[in-house]
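K.L.:
If you read the protein sequences in the order shown, they are chains P and C.
Under this note's numbering, residue 483 is the last one in the first sequence; the count climbs by one each step, no gaps.
Under this note's numbering, residue 557 is the last one in the second sequence; the count climbs by one each step, no gaps.
In this text, a Cβ means the ideal position worked out from N, Cα and C, and glycines have one as well.
Quick caveat: nothing in here was measured; it's all calculated off a predicted structure.
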Amino acid sequence: MIAWTIYLTFLGAIAALLLPRAYARCVALGTTVAGCLLAVSAFFEAGDFGTLHTIVRVPWIVPLGIEYHLAADGISLTMVLLTGIVAVSAVLFSWNVRERENEFFFWLLLVVGGSYGVFLSADLFLFLLFYELVIVPKYFLIATWGSTNKAYAAMKLTLYSFLGGALVLIAFVATYVAGGSFDLHVLSQVHFMPQFQAWVFPVMFLGFSVLAGMWPLHTWAPTGHVAAPTAGSMLLAGIVMKLGAYGVLRIAMNLFPEGFQMWRYPIALLAVMGIVYAAAVALRQRDLKFVIGYSSVSHMGFVLLGLATAQALGVAGAVLQMFSHGIIAGLLFAVVGRMIYPRTHTRFLDELAGMNLSRAIPFAACVFAVASAASMGIPGFSGFVAEITILLGAWRDYPLLVIITGAGMVLTAAFTLRAFSLAFLGGKAESTPLKCDPITPAEKWGAALLIVATLAAGLYPKPLFDHIMPAVLSMHWLKP
Amino acid sequence: MITLLILVTLTGAVAVSVAPRGMARLLALIFNAATLLLALGLWRGFDPMTGGLQMIDRHEWIPAIGAQYLLGVDGLSLLLVLLTSLVFPFAFLAQKADRTFCSLMLIMQASLYGTFTTQNFVLWFLFYEMSLIPAFLLIKIWGGANRDRAAMKFFVYTFLGSVGMLLSFLVIYRSSGTFDFAKLAQTNVQGRLMDVLGNSTLGFLAVWLVFAGIFVGLAVKIPLFPFHTWQPDAYSEAPTGVSMVMSGVLSKMGVYGFIRLLLPLFPHQFHVLGPWLLTLAVCSIVFSSLAAWAQTDLKRMVAYLSITHLGYCMLAIFAIDPVGSNAHVDDTAALSGVFIQLVSHGITAALLFYYIGLMEERRGKRGIADFGGLMQCAPLFCGWMGLALFSFLGLPGLNGFIGEFLIFKGSFGLAPVAGTVAVIGLLVTAIVLLRAIQALFSGPVAKSCEGFHELTMRENWIVLPFSLLVLWTGIAPGFLFHVINITVVQMAYYGADALQFMTAQFPR
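#1: Would you report the Cα separation of T55 (chain P) and L127 (chain P), rounded to the nearest angstrom?
#2: I254 (chain P): which of P:A18, P:F130, P:E104 and P:K447 sits nearest, CA to CA?
#3: Which residues in the same chain have their Cβ closer than 8 Å to the Cβ of A356 (chain P), if we skip the five residues on either side of it in sequence?
#4: Output the boundary residues of the alpha helix (DSSP H) element that contains L209 (chain P).
#5: G383 (chain P) versus chain C: which residues are under 8 Å apart at the beta carbon?
#6: Could you say which of C:L233, C:T227, C:K348 and C:A255 lies nearest to Q280 (chain C) if we only look at CA atoms?
#7: Buried or exposed for D440 (chain P), going by 16 or more other Cβ atoms inside 10 Å?
#8: Which term fits A547 (chain C), buried or exposed, when burial requires 16 or more other beta carbons within 10 angstroms of its beta carbon?
#9: If you run the structure through DSSP and keep just helix, strand and coil, what is W98 (chain P)?
#10: For a contact defined as C-beta to C-beta under 9 Å, what are the partners of F199 (chain P) on chain C?
#11: In terms of residues, what are the limits of the beta strand (DSSP E) holding Q117 (chain C)?
#12: Out of P:A215, P:L209 and P:G38, which one is the CA nearest neighbour of I173 (chain P)?
#13: Give me whichever residues DSSP pairs with R60 (chain P) in a beta bridge.
#14: When the cut-off is 8 Å and only beta carbons count, does T392 (chain P) lie next to chain C?
#15: Considering only the alpha carbon of each residue, which of P:L420, P:I88 and P:E106 lies closest to L453 (chain P)?
#16: Three-state secondary structure (DSSP) at G416 (chain C)?
#17: Would you kindly work out how many angstroms separate the C-alpha atoms of I406 (chain P) and L252 (chain P), rounded to a whole number?
#18: Give me the residue from P:A313, P:Y10, P:S44 and P:Y463 with the minimum Cα distance to M265 (chain P).
#19: With distance defined between alpha-carbon atoms, name the residue in C:T166, C:P183, C:L310 and C:E453 nearest to V259 (chain C).
#20: Can you pull the DSSP bridge partners for T167 (chain C)?
#21: Rounding to the nearest angstrom, what Cα-Cα distance links V65 (chain C) and V298 (chain C) in this structure?
#22: Runs of 4 residues minimum, wholly inside the segment 307-341 of chain P: which ones carry the alpha helix (DSSP H) assignment?
#23: Can you give me, in chain order, the residues of the segment 454-479 of chain P that have a beta carbon less than 8 Å from any beta carbon in chain A?
#24: Spatial neighbours of V36 (chain P) within its chain, please: C-beta separation below 6 Å, excluding the five flanking residues on both sides.
#25: Go through its chain and collect everything with a Cβ distance to D229 (chain C)'s Cβ below 6 Å, but skip five positions before and after it.
#26: Figure out for me which residue from C:G124, C:L447, C:G452 and C:G527 has the closest Cα to the Cα of F515 (chain C).
#27: What are the start and end residues of the alpha helix (DSSP H) that includes D197 (chain C)?
#28: Would F555 (chain C) pass as an interface residue toward chain P - the criterion being a Cβ-Cβ separation below 8 Å?
#29: Counting Cβ pairs closer than 8 Å, one from the segment 337-344 of chain P and one from the segment 398-418 of chain P, do we hit at least three?
#30: Just to confirm, is the Cβ distance from V94 (chain P) to L132 (chain P) under 8 Å?
#31: For G413 (chain P), return the contacting residues in chain C, with the cut-off set at a CB-CB distance below 7 Å.
#32: Can you grab the Cα-Cα spacing for the pair T419 (chain P) / F384 (chain P), in whole Å?
#33: In terms of alpha-carbon separation, which member of C:A399, C:I334 and C:P493 lies closest to Y353 (chain C)?
#34: Are the C-beta atoms of W398 (chain P) and some chain C residue less than 8 Å apart?
#35: Considering only heavy atoms of the ligand NAP, does any lie closer than 7 Å to the CB of T81 (chain P)?
#36: Write down every uninterrupted run of the beta strand (DSSP E) in the segment 71-134 of chain C whose length is 3 residues or greater and which is fully enclosed by it, in chain order.
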């Protein structure tokens with residue numbers, strides 16, 4: 004049933020392209036809502052989340068042993084749920100797109116469908132196919148509908164992504180040669196030589212971590228986020244960056260546990276560097292969207308730190324952080340890209356400061372306050388549960404890094420608060436608020452969806468843990 | 050019952066934000082009446098003769114990280130819940146408020162109820178942090194001229210403290226496997242930490258680091274010297290209602306944390322650091338009272354005196370050396386003093402900030418030099434405000450006296466030197482307040498104060514119940530002791546058990 008998320012989204016993409024212009028938005032909304040409902044129903048269906056269940060398995064390119072093989076466990080289901088939620092809100096926040104709508108929603112749905120595909124595929128070839136399928140539409144979304152420096156940003160993002168993709172491809176080919184199959188089930192039974200793991204793991208990891216925005220390979224992320232249209236940034240930060248982290252966990256770590264053990268200390272170090280460095284850089288940005296772009300890099304550092312713990316709790320926290328950051332980043336980009344920019348025509352903090360935005364668009368101020376709190380890791384929102392779980396996991400092996408991460412958390416609070424104060428509370432209360440259009444219902448619904456998601460995950464994360472924990476515990480190479 | 054209290058407040062926050070524009074404050078007051086009734090119901094249902102937690106509400110929450118939804122009250126929690134329920138309606142009455150303001154205040158109120166009743170660290174931390182954002186926004190949006198700096202300073206200080214505290218508790222959880230306050234108090238946390246971290250110099254250092262993380266986090270919140278510098282800025286820039294709540298209730302979170310979290314967990318550290326901590330408390334008392342002397346702004350003066358008053362609490366807490374062989378009489382006296390002081394400081398500080406708010410409303414300024422001879426144009430105002438000032442000064446017969454008397458009675462027995470030096474604080478406080486009374490109330494009517502009008506009927510009715518409470522607590526404080534007695538005795542004797550326990554563990 005969950006495989007239909009992929010088919011339905013691709014069908015919707017074609018329909019959005021072919022149907023008359025007026026229907027494109029509605030088709031996109033219908034498709035993403037249907038996908039989201041499918042994801043929710045699959046998420047809440049009882050079952051065994053610990054093992055990778057095969058959903059569809061059809062021989063495809065027989066001579067190479069490539070199969071069309073979809074499978075899901077608790078982690079995939081969590082990520083599919085995230086994709087569903089972010090996709091619906093991304094469509095809602097692009098309701099105002101009035102330029103070449105057919106193509107816009109076509110590309111957007113391709114990204115969503117490709118992401119569903121990545122999270123569900125259990126065959127390396129299929130995985131890579133979907134993975135590359137996500138990258139191409141991103142280029143067109145940014146280059147056509149983008150803003151600030153869009154040609155540069157689109158090119159940079161695509162080149163980085165293809166570089167990552169190429170590294171992953173090399174690693175996959177090597178894995179195929181050594182393991183004799185593309186199938187994850189088969190490969191996970193193979194024990195690769197430690198010497199082999201020692202070099203394949205870092206190659207594959209580097210390939211994936213480009214997309215995950217790992218320091219120092221993150222530079223495509225802020226420029227890409229800034230240039231992308233709102234829905235583009237939401238999908239990019241919300242889902243696409245998670246594809247990289249998901250690939251690290253599902254394929255690189257799962258197939259090469261020994262290689263991972265050899266490299267996990269440098270990875271943890273890079274992760275913490277990313278957390279602190281990106282937060283410090285965000286503190287000095289003038290463009291509000293750059294602040295959020297760097298905050299994404301900082302938060303993805305938590306995901307990598309969680310993965311690098313090699314402990315069940317830390318890895319579970321990393322998955323939770325992927326979910327949480329997807330929602331929160333989506334919300335932040337939605338406020339800046341959709342609620343503020345079209346109304347003020349600027350994103351510079353010092354210019355926004357004079358506009359008294361908290362009076363002009365109080366709804367946006369409220370949403371941004373909630374999103375900032377969630378992003379800072381205030382308890383009650385999903386970010387806190389994820390971060391505390393990651394730090395609990397990280398404590399045993401990296402006590403010093405945990406303390407440095409604490410400094411990073413303070414920096415995060417500082418830059419988030421600075422951005423919020425300057426953007427919304429900068430002016431005098433008496434100064435006349437900017438005259439602008441009221442917030443549309445589409446924006447309200449989109450924001451409400453994401454806020455409910457982050458609050459629900461923060462206040463009652465048990466359903467998420469119930470899915471993630473069994474899957475993580477079944478990874479026998481992790482310490483409990 | 051406790052859950053209901055929190056839920057009603059949160060519902061209020063939502064209801065207020067969608068209510069018609071003019072109705073916000075009325076609605077907030079209605080919800081406050083409901084919470085006050087619920088808190089009184091809690092008091093009624095509370096059995097003062099049994100120790101330990103009562104009315105426990107326990108559910109599984111996040112089993113993966115040992116977080117439970119666990120609420121319960123003992124004497125201390127109940128006392129602070131009652132204080133919260135009293136100060137918040139007072140603050141709402143004192144302040145013009147629009148929808149956002151009321152909504153933020155109610156969120157803060159809910160978080161305070163949560164902080165004072167939660168018995169599991171994760172949930173406690175949730176509520177503790179939940180008060181932070183509303184407080185920041187309340188200062189930032191409705192504050193005075195320097196609000197930006199004050200709000201930022203407040204937030205950064207407190208957040209820094211919270212992160213340290215969070216990291217420390219992660220370490221504690223990793224070593225002891227529980228976040229439950231009661232269970233943590235029973236386990237030998239230091240021993241467990243040493244088991245995990247290794248009984249080496251490094252492990253020993255780590256234990257101290259963990260202790261320091263929590264200590265600083267809580268000390269910032271109170272605030273304790275030298276972590277106090279955010280406080281005068283925040284209190285004086287905040288609007289009247291927010292100053293009332295911040296000094297009246299928010300500052301109690303830190304003291305509460307000391308008693309509930311830190312003292313039971315780290316008796317050995319308190320024992321070793323005892324003299325140094327006492328020095329901090331004495332510095333807090335003496336320096337802040339001297340600083341208050343130098344202030345020309347009434348609000349800053351009261352802010353500094355608040356540090357002095359909470360310094361008395363810290364003096365008593367640090368004097369109760371949980372490992373040393375103290376007389377239980379002194380322990381119980383000091384601890385009861387702390388509890389009573391928390392309540393009386395809450396009420397009195399809120400009253401004083403209210404009066405200063407009224408003066409500012411009438412005159413537009415709040416410097417001591419801007420007023421004079423108020424007695425002649427507004428005798429009633431001076432009478433009521435004088436009552437609050439004298440209570441702040443610790444005059445026998447008023448509520449401030451009871452707490453301070455007990456604290457000093459206890460600390461003279463436990464830590465004679467520190468107690469004696471701290472008396473300077475009492476003297477200076479008296480000088481500061483008497484000087485203020487003289488400058489404000491007596492003398493010829495200042496030119497600018499000729500139009501200063503008397504308390505209106507409405508204002509009279511607002512201050513009456515609180516002033517009566519000041520008198521009542523001062524004359525017949527039995528009703529408060531009734532609530533806290535068993536809790537105090539339990540805590541004091543727990544210290545005695547800890548003594549035997551610790552001497553067995555760490556022979557000196």
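P.N.:
From the atom records:
#1: Thr is not the amino acid found at residue 55 (chain P); the sequence shown has Leu there. Their backbone Cα atoms lie some 14 Å apart in a straight line.
#2: P:F130
#3: L425, A426, G429 and G430
#4: P197 to A215
#5: L175, E178 and M179
#6: C:K348
#7: exposed
#8: Its pLDDT being 46, under 50, A547 (chain C) is placed unreliably by the model, and the measurement read from it follows with that caveat. That one is buried.
#9: coil
#10: The contacting residues do not exist; F199 (chain P) stays about 34 Å from chain C at best.
#11: A116 to V122
#12: P:L209
#13: P:H72
#14: yes
#15: P:I88
#16: strand
#17: 25 Å
#18: P:A313
#19: C:L310
#20: C:L120
#21: 22 Å
#22: 315-336
#23: Given the protein chain composition of this structure (P and C), no chain A is represented.
#24: V91
#25: N169
#26: C:L447
#27: R196 to S225
#28: Residue placement at F555 (chain C) is flagged as unreliable, the pLDDT there being 40, under the threshold of 50; a coordinate-derived value is accordingly withheld.
#29: no
#30: no
#31: Per the sequence presented here, residue 413 (chain P) reads as Val, with Gly not at that position. What V413 (chain P) touches in chain C: F208, L209 and V212.
#32: 15 Å
#33: C:I334
#34: yes
#35: Annotation note on the ligand NAP: not contained in the displayed structure, which lists no ligands.
#36: 103-111 and 116-122
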